[in-house]
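Residue numbers for the sequence shown follow the working numbering, so the first one is 5 and each next one is one higher. The beta-carbon is built from N, C-alpha and C at its ideal position, and this holds for glycine as well.
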Amino acid sequence: MAQRASSNRKTIKDILAGQNLISPVDMAKAEAEAEKTKRPLQQVVVDLGFVDKLSVLQAIAAEWEVQPVLFDDVVVDGRVAKLISDAMARKHNVLPFLREDGIILLAMADPRDPLLLEDVRAKTGEEVRPFLAMPGDIEKELDRIYGTALDHDEAGGGEGDGHDAVERKTQEMLGDLLDGVDDIDELTKKTDLMEVDASAPEVERIVNAIILAAMQIKASDIHIEPFEDPAGKKNRIVVRFRVDGFLKEAPFRIPWSYRNAIIAKIKILTASMNLTERRIPQSGRIEVMAKGRPIEFRVETIPTVYGESASLRLLDRKSVQVDIHKLGFLDDILERLLDQLKGIGGKKNYGMILVTGPTGSGKTTTLYACLNHVNRPDIRVITAENPVEYNIDGIIQVAVNPDITLAKDRVFNFATALRSFLRLDPDVIMVGEVRDKETATIAMEAAMTGHLVLSTIHTNDAASTVSRLAEMGPPAYLVASTLKCVLAQRLCRLICPDCKAPAPLTADEREIFRLNGFELTEETTIYKGAGCKACSGTGLRGRLGIHELLIMDETVRRVALSDLTADSIRNAAIYHSPQRMRTMVQDGLIKVLQGLTTINEVLGVSTEKAS
Numbered sequence: 005m006a007q008r009a010s011s012n013r014k015t016i017k018d019i020l021a022g023q024n025l026i027s028p029v030d031m032a033k034a035e036a037e038a039e040k041t042k043r044p045l046q047q048v049v050v051d052l053g054f055v056d057k058l059s060v061l062q063a064i065a066a067e068w069e070v071q072p073v074l075f076d077d078v079v080v081d082g083r084v085a086k087l088i089s090d091a092m093a094r095k096h097n098v099l100p101f102l103r104e105d106g107i108i109l110l111a112m113a114d115p116r117d118p119l120l121l122e123d124v125r126a127k128t129g130e131e132v133r134p135f136l137a138m139p140g141d142i143e144k145e146l147d148r149i150y151g152t153a154l155d156h157d158e159a160g161g162g163e164g165d166g167h168d169a170v171e172r173k174t175q176e177m178l179g180d181l182l183d184g185v186d187d188i189d190e191l192t193k194k195t196d197l198m199e200v201d202a203s204a205p206e207v208e209r210i211v212n213a214i215i216l217a218a219m220q221i222k223a224s225d226i227h228i229e230p231f232e233d234p235a236g237k238k239n240r241i242v243v244r245f246r247v248d249g250f251l252k253e254a255p256f257r258i259p260w261s262y263r264n265a266i267i268a269k270i271k272i273l274t275a276s277m278n279l280t281e282r283r284i285p286q287s288g289r290i291e292v293m294a295k296g297r298p299i300e301f302r303v304e305t306i307p308t309v310y311g312e313s314a315s316l317r318l319l320d321r322k323s324v325q326v327d328i329h330k331l332g333f334l335d336d337i338l339e340r341l342l343d344q345l346k347g348i349g350g351k352k353n354y355g356m357i358l359v360t361g362p363t364g365s366g367k368t369t370t371l372y373a374c375l376n377h378v379n380r381p382d383i384r385v386i387t388a389e390n391p392v393e394y395n396i397d398g399i400i401q402v403a404v405n406p407d408i409t410l411a412k413d414r415v416f417n418f419a420t421a422l423r424s425f426l427r428l429d430p431d432v433i434m435v436g437e438v439r440d441k442e443t444a445t446i447a448m449e450a451a452m453t454g455h456l457v458l459s460t461i462h463t464n465d466a467a468s469t470v471s472r473l474a475e476m477g478p479p480a481y482l483v484a485s486t487l488k489c490v491l492a493q494r495l496c497r498l499i500c501p502d503c504k505a506p507a508p509l510t511a512d513e514r515e516i517f518r519l520n521g522f523e524l525t526e527e528t529t530i531y532k533g534a535g536c537k538a539c540s541g542t543g544l545r546g547r548l549g550i551h552e553l554l555i556m557d558e559t560v561r562r563v564a565l566s567d568l569t570a571d572s573i574r575n576a577a578i579y580h581s582p583q584r585m586r587t588m589v590q591d592g593l594i595k596v597l598q599g600l601t602t603i604n605e606v607l608g609v610s611t612e613k614a615s
């Protein structure tokens with residue numbers, strides 16, 4: 005795709021500073037705030053009260069030679085605004101606001117983009133004249149016009165009342181639509197005669213409300229599932245959200261007659277899924293704008309006996325934590341892990357680092373944080389992923405697709421991608437998963453030839469990863485010599501900070517600490533959550549990683565060369581290695597003593613098996 009053109013005229017900073025509208029001190033504050041919040045600089049200087057809106061608009065408009073517009077003085081024509089989609093308007097921060105003499109007047113946050121103007125001309129089929137508007141004003145007008153903007157910040161209060169707020173907001177959006185739902189269900193059971201069309205406006209509102217609800221309660225997944233009552237009396241559509249690893253049913257009900265229309269609407273939003281095909285699984289992606297930032301959903305549909313079911317995985321690029329210092333590692337674990345990532349460049353640091361754990365344990369996030377830590381201009385990083393979930397600037401990310409057949413009946417899988425990467429002069433390679441002998445062997449060969457290789461694997465703990473690699477086929481010497489370290493992890497829920505309170509240790513809890521090598525005093529206190537609105541009465545909110553880091557030092561390597569069983573590797577790492585590996589349970593119990601989580605959470609997730 006062609007690069008969007010942009011004028012070489014002065015930047016916002018140059019314009020405002022050049023006209024002495026803002027002091028250097030205030031400009032520095034505004035730049036820091038703009039960088040922190042990812043908002044346009046001209047909006048930030050107005051929001052912070054450094055410069056009034058009209059002065060900013062007039063200064064920029066004069067420099068860029070466009071006419072400014074204030075929506076306080078203009079009545080936006082809603083029919084003209086809807087000549088382009090809500091998604092397009094929010095993505096590019098533009099708004100068609102009037103039509104004059106057959107010309108569309110287009111408000112733009114940045115009117116210097118001729119290709120964007122061409123896009124709008126192509127969409128509307130009319131001539132377009134650009135106007136400069138404040139980004140925040142455009143957002144407000146879009147929210148007013150469409151009324152269903154996916155703005156989770158407007159869905160209610162802060163974190164303290166998130167679940168209640170989303171219930172109120174969602175019920176507001178769906179209330180009028182779902183009046184008389186029981187009557188509709190009765191009329192439409194076992195029949196599609198009253199089935200709703202996907203183009204019906206209420207369908208879009210329902211889909212938007214579901215997505216809004218998911219974003220407000222920080223859900224990772226949405227499941228839309230049709231169920232039929234075996235007695236044939238009551239059919240229903242269930243919407244469930246996965247929050248902090250647990251499924252919660254949505255606080256609203258949707259009429260049975262909407263089941264196909266909602267799935268069809270979701271398919272339409274992907275712009276890639278087959279609307280008429282309901283017999284096979286399909287995949288796609290949706291991108292929406294929320295408060296000026298892109299939110300992606302990975303969509304999967306499957307045919308069930310009661311109709312299609314859809315699952316949406318939320319991929320918020322800004323919410324993924326790529327700062328390795330903020331992933332909840334204990335200080336000594338973080339120091340050891342960072343030591344394994346040192347010295348990359350000039351082929352000085354090579355070997356393989358693996359992250360293991362069950363699905364949903366945060367392996368991908370940890371890998372991204374490691375990549376982000378080593379990502380700099382003198383390091384070439386290439387990844388093979390299926391799919392690419394988040395984009396990191398400066399890293400070459402490749403989406404593998406096993407469905408694509410290459411020459412000689414080869415498929416484009418992880419192993420194929422790895423082979424090609426070796427000819428591309430990488431310093432660091434990340435492969436989504438080591439799942440077979442071919443991928444394991446090529447990854448180890450890459451690690452032996454001067455590359456740092458990072459990947460994930462499905463095993464129950466760090467020690468069993470070493471034996472699992474050997475079971476895949478590579479010889480023991482290759483496993484022992486190329487593996488640098490294995491990080492096993494799980495995600496456990498945090499104690500809700502709003503209802504956190506001290507709790508005395510029971511005798512059983514003291515015994516758990518004793519069996520894991522802890523000596524507690526009589527004064528030792530732990531914490532638990534009493535349950536409140538913020539955590540929906542669970543006492544738990546948010547998640548934290550617990551970890552187990554196995555360093556392949558000389559002691560562990562010697563054992564691995566002669567005995568690759570998990571027990572031997574584990575004993576060597578815990579009792580004989582200078583590193584003295586801490587188990588996942590021990591790591592979690594330290595975080596219990598720090599008041600971050602509970603014993604039940606630690607024991608519950610640490611015994612979870614990797615699939």
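Check                                                                                                                                                                                        : Outcome
Please report the distance separating the alpha-carbon of residue 658 from that of residue 277.                                                                                              : Past the boundaries of the shown model lies residue 658; the chain is included only from 5 to 615, so the question cannot be answered.
Can the beta-carbon of residue 46 be found closer than 8 Å to that of residue 60?                                                                                                            : yes
How many Å lie between residue 209 and residue 224 at the Cα?                                                                                                                                : 21 Å
Check whether the Cβ atoms of residue 267 and residue 243 lie closer than 8 Å to each other.                                                                                                 : no
Check the DSSP bridge columns for residue 416 and list the partner residues they point to.                                                                                                   : 405
I'd like the ranges of any beta strand (DSSP E) spanning at least 3 consecutive residues and lying wholly in the region 233 to 291.                                                          : 239 to 247 and 250 to 253
Give a yes or no on whether the C-beta atoms belonging to residue 364 and residue 549 are separated by under 8 Å.                                                                            : no
What span of residues does the alpha helix (DSSP H) with residue 140 cover, start to end?                                                                                                    : 139 to 150
Use the C-beta contact count for residue 471: other C-beta atoms within 10 angstroms, 16 or more gives buried, fewer gives exposed.                                                          : buried
Given residue 230, which residues of its chain have a CB within under 6 Å of its CB, disregarding the five upstream and five downstream residues?                                            : 241, 263, 310 and 311
Since residue 118 contacts residue 68 with CB under 8 Å, what's their CB separation in whole angstroms?                                                                                      : About 13 Å separates the two Cβ atoms, so there is no contact after all.
Pull up the distance between the alpha-carbon of residue 558 and that of residue 581, whole angstroms please.                                                                                : 8 Å
Spatial neighbours of residue 577 within its chain, please: CB distance less than 6 Å, with the 5 preceding and 5 following residues excluded, ordered by chain position.                    : 554, 560 and 585
Give every residue of the same chain whose Cβ lies closer than 8 Å to the Cβ of residue 337, excluding the five residues on either side of it in the sequence, and list them in chain order. : 551, 553, 586 and 591
How many Å lie between residue 319 and residue 303 at the Cα?                                                                                                                                : 11 Å
Between residue 462 and residue 141, what straight-line distance do the alpha-carbon atoms span, to the nearest angstrom?                                                                    : 49 Å
Keeping to the same chain, check which residues put their C-beta closer than 8 Å to that of residue 107; ignore five residues upstream and five downstream.                                  : 130, 131, 132 and 133
Thinking just about the alpha-carbon of each residue, which of 502, 501, 518 and 503 is nearest to the one in residue 509?                                                                   : 518
What does a CB cutoff of less than 6 Å around residue 51 pick up in its chain, not counting 5 residues either side in sequence?                                                              : none
Quickly, what does DSSP pair residue 388 with across the bridge? List them, please.                                                                                                          : 402 and 435
Quick test of your reading: residue 3 and residue 402, contact by CB under 8 Å. State the CB separation rounded to the nearest angstrom.                                                     : The structure shown does not extend to residue 3, since the chain spans only 5 to 615, so no value can be given for it.
Could you please give the first and the last residue of the uninterrupted beta strand (DSSP E) stretch that includes residue 493?                                                            : 487 to 499
Whole angstroms are fine: how far does the CA of residue 495 sit from the CA of residue 249?                                                                                                 : 8 Å
Leaving out the 5 sequence neighbours to the left and right, which residues in its chain are closer than 6 Å to residue 112 when beta-carbon positions are compared?                         : 98 and 134
The beta strand (DSSP E) with residue 15 in it runs from where to where?                                                                                                                     : Premise fails: residue 15 is in no beta strand (DSSP E) and is neither H nor E.
Helix, strand or coil: which one does DSSP assign to residue 558?                                                                                                                            : helix
Just grab the DSSP bridge partners of residue 102 for me.                                                                                                                                    : 109
For residue 387, does the count of other Cβ atoms within 10 angstroms reach 16, so buried, or fall short, so exposed?                                                                        : buried
Determine the contact status of residue 588 and residue 610, defining contact as a CB-CB distance below 8 Å.                                                                                 : yes
What is the rounded straight-line gap between the Cα of residue 536 and the Cα of residue 383?                                                                                               : 48 Å
If you run the structure through DSSP and keep just helix, strand and coil, what is residue 545?                                                                                             : strand
What is the DSSP secondary structure of residue 329, reduced to helix, strand or coil?                                                                                                       : helix
Straight-line CA distance for residue 36 to residue 380?                                                                                                                                     : 22 Å
Could you pull out every residue in the same chain whose Cβ sits closer than 8 Å to the Cβ of residue 251, ignoring the five residues on either side in sequence?                            : 227, 244 and 245
According to DSSP, is residue 380 helix, strand or coil?                                                                                                                                     : coil
Rounded to the nearest angstrom, how far is the Cβ of residue 530 from that of residue 511, given a contact under 8 Å?                                                                       : So it is not a contact: roughly 13 Å between Cβ atoms.
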